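Trainee: I have a structure I would like to understand better, so I am pasting it below and will then ask my questions one at a time.
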Amino acid sequence: MAKPVKHVFVCSQSRPAGHPRGSCAEKGCNEVLQTFWQELQKRNAYERIAVTYSGCLGPCDQGANVLVYPEGILYGHVTREDVMEIFDSHLVGDVPVERLRVADGIW
Ligand code: FES
């Protein structure tokens, strides 16, 4: 396997209902993850892009959270509808999606 050019981490943490920190799972992270994987497959982009689920990334109140390396850019409040834009603009076009970036000071 070639080293990926971009590596996407989708927080997939779940917590019991009513937990004070909430979780990305209750904010639709599984749909986000599945949509990334579907897009990866559709584009046959496995040589350039890796998509991995992760545990808690930290700022749970911003979820669903998606972290992209090598830039270390964290996207917050991501929904499945945002995945195409992240794919086209950032993962392929190298232009981060500013409207989804978590605010400075949070990340
Ligand atoms: S649960 Fe996703 S960042 Fe904490």
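Residue numbers (my numbering): 5 to 111. For each residue, glycine too, the CB sits at the ideal point set by N, CA and C. Note that the structure is predicted; figures quoted are calculated from it, not measured.
#1: Below 6 Å, is the gap between the Cβ of G67 and the nearest heavy atom of the ligand MG?
#2: Which partner residues of C15 appear in the DSSP bridge assignment?
#3: Taking 6 Å as the cut-off, does the CB of K95 come closer than this to any heavy atom belonging to the ligand FES?
#4: Count the other CB atoms, across all protein chains shown, that sit within 10 Å of the CB of Q66; report buried if there are 16 or more and exposed otherwise.
#5: Cβ of S58 versus every heavy atom of the ligand FES: is any distance shorter than 6 Å?
#6: Have a look at the DSSP bridge pairing and note the partners of Y50.
#7: Would you give the residue range spanned by the beta strand (DSSP E) that I77 belongs to?
Mentor: In short, the structure shows the following:
#1: Only the ligand FES can be found as ligands here, which leaves the ligand MG out of the picture.
#2: S58
#3: Inspection of the sequence shows that residue 95 is occupied by Leu rather than by Lys. No, the Cβ of L95 stays beyond 6 Å of every heavy atom of the ligand FES.
#4: buried
#5: no
#6: For Y50, which the question treats as bridged, DSSP gives no partner whatsoever.
#7: 77-79
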